[in-house]
Structure formats: C-alpha cells, structure tokens
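In the numbering used here, the protein residues as written are 61 to 193.
This is the structure:
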C-alpha cells in the first residue's frame, strides 16, 4: 500500500459512532482536517462525493493514517460503502500540504441535492433539526 492515508467526509468521521466509523477510530490514527476538491451530495442518510480537481467547491473531511496492514479494514470499508462507491487515490489539501489519500467517491448522482458548504456533519445536523421543529 503506497498511500497510507484515508480521507473520510461523511458517516465515517469522528462525529459518528456506527461500526465502520468505530473501526476507523480504533484501527487508524487521526491526522487532522482536510479538504478535497469536488462536490458533496445529500443522498438522504449519508453523503456522496464527486471528486474533481477543476471544481471550485470543496469537501470537508478528516484524514487518518491507515494501520500497518490496511487490507482487512479496506475490505470491510469496500463492503460498507457498497458498489456505487469507488475507492481511489486523490489529492487532499491539509496542514501537511497536498497529500494523496484514499477516498471513496461516486462517479455521478444526477438527482442528488448538493451540500452547499461541503461539510456533511454540519449540514446533516441542521437539516435534521429542521425536520424536528
């Protein structure tokens, strides 16, 4: 594995406590915040990312150092993300500068609503609190 960093932008972030997020939190080392160029989409209970270095919008997320043997975790995450997401290496911008990182993303999702600020946790919290009021 040449890229030991994974970038997470949705339900795998530190703010979540699902099984996949807990595995990342226990098996990986948190490195800090980062952004990717692209568009973040609202797919209901979770987001999707379209990665494109020509976009002017960004996706907020978190960077983690993968464990020494990342294969079991990545196989688990492949199953968690499902077939519509692709695991690829893209540039992430962080305090470290430009860093290649693994990111799960979509090729397209034409009918999805964009997340305006590119931050899933903030957007989801505001969206869901409006549903309750």
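Heads up, the beta-carbon is just placed ideally off N, CA and C, and yes, glycines get one too.
| request: Enumerate in chain order the residues of its own chain whose CB-to-CB distance from residue 61 is below 6 Å, with the five nearest sequence positions on each side excluded. | output: Its pLDDT being 48, under 50, residue 61 is placed unreliably by the model, and nothing is read from it.
| said: Are the CB atoms of residue 159 and residue 65 within a distance shorter than 8 Å? | reply: yes
| said: So, for residue 138: in the same chain, excluding its five sequence neighbours on each side, which residues have a beta-carbon less than 7 Å away from its beta-carbon? | reply: 147
| task | Label residue 69 either buried or exposed according to how many other C-beta atoms from any shown protein chain fall within 10 Å of its C-beta, with 16 as the threshold for buried. | result | buried
| query | Among 104, 156 and 150, which one has its Cα closest to the Cα of residue 110? | reply | 150
| Can the beta-carbon of residue 140 be found less than 8 Å from the beta-carbon of residue 80? | yes
| message | Using only CA atoms, which one of 93, 186, 190 and 180 lies nearest to residue 102? | response | 180
| said: Just to confirm my understanding: we take residue 177, look at its own chain, exclude 5 residues before and 5 after, and list those with CB closer than 8 Å. What are they? | reply: 120 and 183
| field | Distance, residue 186 Cα to residue 134 Cα | value | 31 Å
| So, using beta-carbon positions, are residue 108 and residue 169 closer together than 8 Å? | yes
| task | Return the CA-CA distance between residue 258 and residue 67, expressed in angstroms with no decimal places. | result | Nothing in the structure corresponds to residue 258, since the chain is present only between 61 and 193.
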